[in-house]
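Shown next, in structure tokens, is the structure this report addresses.
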Amino acid sequence: MRILSGIQPTNVVTLGNYLGAMKNFVKLQNEFEDADILVFVADLHSITIPKDRSELKKNIKTLAALYIAVGLDPKKVHLFIQSEVPPHAELSYIIECNSYIGEMERMIQFKEKSQKEGETVTTGLLTYPCLMAADILLYDTDLVPVGADQKQHLELTRNIAERFNNKYGDTFKVPEPYIVKKSARIMSLQDPDKKMSKSDPNPKGYITLLDNINEAKNKIRRAVTDSIGIIKYDEENQKGLANLINIYSLLTNLSIEEIEKKYIGLGYKEFKEDLAEIVGQELEKIQDNYSSILASNELDEILDEGREYALKLAERKLAKVHKKIGLGR
Ligand code: TYM
63 MRILSGIQPT NVVTLGNYLG AMKNFVKLQN EFEDADILVF VADLHSITIP KDRSELKKNI
123 KTLAALYIAV GLDPKKVHLF IQSEVPPHAE LSYIIECNSY IGEMERMIQF KEKSQKEGET
183 VTTGLLTYPC LMAADILLYD TDLVPVGADQ KQHLELTRNI AERFNNKYGD TFKVPEPYIV
243 KKSARIMSLQ DPDKKMSKSD PNPKGYITLL DNINEAKNKI RRAVTDSIGI IKYDEENQKG
303 LANLINIYSL LTNLSIEEIE KKYIGLGYKE FKEDLAEIVG QELEKIQDNY SSILASNELD
363 EILDEGREYA LKLAERKLAK VHKKIGLGR
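Numbering (this note's numbering), first residue to last: 63 to 391.
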């Protein structure tokens with residue numbers, strides 16, 4: 063079985079990315095001993111909205127180090143940088159020629175992001191799902207762990223694979239998404255109707271894995287809740303609290319019922335104080351690992367191995383695609 067996923071090196075990794083995606087990569091790594099796991103830094107994806115050169119360089123390295131810091135084992139996982147494996151961009155172009163503008167325009171994320179960008183929407187932002195499909199289809203991927211916001215892109219990938227297979231004969235494996243309900247959509251700490259996002263202009267709405275520990279704790283303490291005052295999981299009337307209970311549950315492995323029971327008769331203040339401590343401890347652990355990875359030369363070796371491994375698989379698949387279509391000599 064092959065498992066693959068990627069994250070964009072845009073700003074910094076949030077608690078949403080961590081709980082919705084990264085933590086599940088680690089979980090799958092530990093659950094499926096024999097799985098072949100590919101994880102990458104989606105740097106080509108991040109330039110669909112233009113980026114400052116030195117920021118981008120820094121973020122690529124940070125994300126690569128964070129993958130290891132959160133617990134991905136380089137002996138089990140092949141970690142690579144998307145732009146270092148040219149078949150991604152090449153297959154993306156071929157997929158563009160086998161998909162429709164209407165399909166791209168229907169993507170919710172395109173609609174949201176293009177609205178924000180206004181006049182300067184790049185062509186890459188529109189064709190982004192083709193690149194994502196290429197990332198996945200190049201490797202005969204079985205399972206793609208992602209958060210809920212990527213579900214539509216995954217469905218499109220499946221459609222594209224099936225359409226291609228029908229047209230040219232069996233070429234691509236049709237992948238399955240792996241979305242864990244509880245962690246699929248971590249919400250903003252300031253507005254529980256919005257997902258936690260690194261592009262939120264209000265930094266109090268999100269926690270990043272490299273936040274100062276005290277600041278991160280304060281963000282939990284100041285998270286928006288309600289005036290009901292009882293620790294109960296109610297997604298409708300206590301949205302903010304429900305989000306915090308989810309975060310609590312994901313970080314401690316306690317069930318929602320166990321958490322509710324633990325806080326019977328106690329208020330939000332005690333609950334938030336404990337959660338602040340839990341989040342603080344998690345970040346401290348990750349940040350310690352992160353520093354030691356950056357201080358060693360290990361990361362470059364890991365990324366070299368990952369690139370070689372990915373290249374071999376990707377080139378093989380791309381050659382097959384060329385042959386099916388009739389490209390080249
Ligand atoms: P990206 O970089 O926006 O986010 C990385 C991962 O984090 C998840 N995520 C969340 N999960 C729960 N709650 C949140 N608030 C939250 N915010 C983000 C995302 O769902 C994602 O899993 N297109 C992708 C990257 C990508 C990719 C791929 C993923 C490129 N190629 C191939 C899988 C397979 C993206 O922009 O994710």
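Idealized CB from N, CA, C, for every residue including glycine. If you're wondering where the values come from, they're calculated on a predicted model, not measured in any experiment.
- Cβ-Cβ distances below 7 Å link glycine 133 to Val88 in the same chain, with the five nearest sequence neighbours on each side left out; the list follows chain order.
- Around the Cβ of serine 289, a 10 Å sphere holds fewer than 16 other Cβ atoms; the residue is exposed.
- Runs of alpha helix (DSSP H) with 4 or more residues, each lying fully within the stretch 308-387, are found at 318-324, 330-357, 360-387, listed in chain order.
- In the displayed model, lysine 256 falls within coil according to three-state DSSP, outside both helix and strand.
- A residue is called buried once 16 or more other Cβ atoms fall within 10 Å of its Cβ, and alanine 304 is buried on that count.
- In this structure threonine 184 is not in contact with threonine 72, their Cβ atoms being roughly 14 Å apart against a cut-off of 8 Å.
- Separation of the CB atoms of tyrosine 230 and isoleucine 387 is rounded to 6 Å, and the pair is thereby assigned contact status at 8 Å.
- About 5 Å separates the Cβ atoms of arginine 220 and valine 236, confirming a contact at the 8 Å cut-off.
- Annotation: the continuous beta strand (DSSP E) that includes tyrosine 240 extends over 238-240.
- For arginine 283, the enclosing alpha helix (DSSP H) begins and ends at 275-283.
- As DSSP reads the structure, arginine 64 sits in a beta bridge with Asp98.
- In this structure the stretch 154-163 does not lie against the stretch 75-91, because fewer than three pairs of beta carbons, one per stretch, are closer than 8 Å.
- CA-CA distance, serine 108 to glycine 186, rounds to 10 Å.
- The beta carbon of leucine 271 sits no closer than 7 Å to any heavy atom of the ligand TYM.
- Annotated as distal: glutamate 217 and threonine 189, with beta-carbon spacing of 8 Å or more.
- Threonine 182 sits exposed, since fewer than 16 C-beta atoms from the chains shown fall within 10 Å of its C-beta.
- Closest in alpha carbon position to leucine 389, among Asn264, Tyr155, Asn308, is Tyr155.
- Between alanine 246 and glycine 302, the C-beta spacing is not below 8 Å.
- Just so you know, the alpha carbons of aspartate 296 and glycine 68 end up roughly 32 Å apart.
- Cα atoms of aspartate 350 and threonine 233: separation of roughly 44 Å, rounded to the nearest angstrom.
- Put simply, the stretch 95-102 touches the stretch 139-148. At least three CB pairs are less than 8 Å apart.
- The DSSP-derived three-state label of isoleucine 143 is strand.
- The Cβ atoms of arginine 378 and aspartate 204 do not sit closer than 8 Å to each other.
- As computed with DSSP, leucine 205 is found in a beta bridge with Ile65, Glu238.
- Residues of the same chain with a CB within less than 7 Å of the CB of glutamate 298, apart from the 5 flanking positions on each side, do not exist.
- Out of Lys119, Glu167, Gly329, the CA that lies nearest to the CA of glycine 291 is found in Gly329.
- Each of Ile326, Ala338, Ala376 was checked against the Cα of isoleucine 309, and the nearest Cα belongs to Ala338.
- Comparing alpha carbon positions, the residue from Tyr240, Ser250, Arg283 closest to valine 341 is Arg283.
- In this chain, the alpha helix (DSSP H) harbouring valine 88 covers 85-93.
- With a cutoff of 8 Å on beta-carbon distance, isoleucine 307 and isoleucine 326 are scored as not near each other.
- Around the Cβ of proline 263, a 10 Å sphere holds fewer than 16 other Cβ atoms; the residue is exposed.
- Looking only at Leu271, Leu313, Ser311, Met258, the smallest Cα-Cα distance to valine 286 is reached by Met258.
- For methionine 249, the beta-bridge partners assigned by DSSP are Lys257.
- For lysine 374, the number of other beta carbons within 10 angstroms of its own is below 16, and it is reported as exposed.
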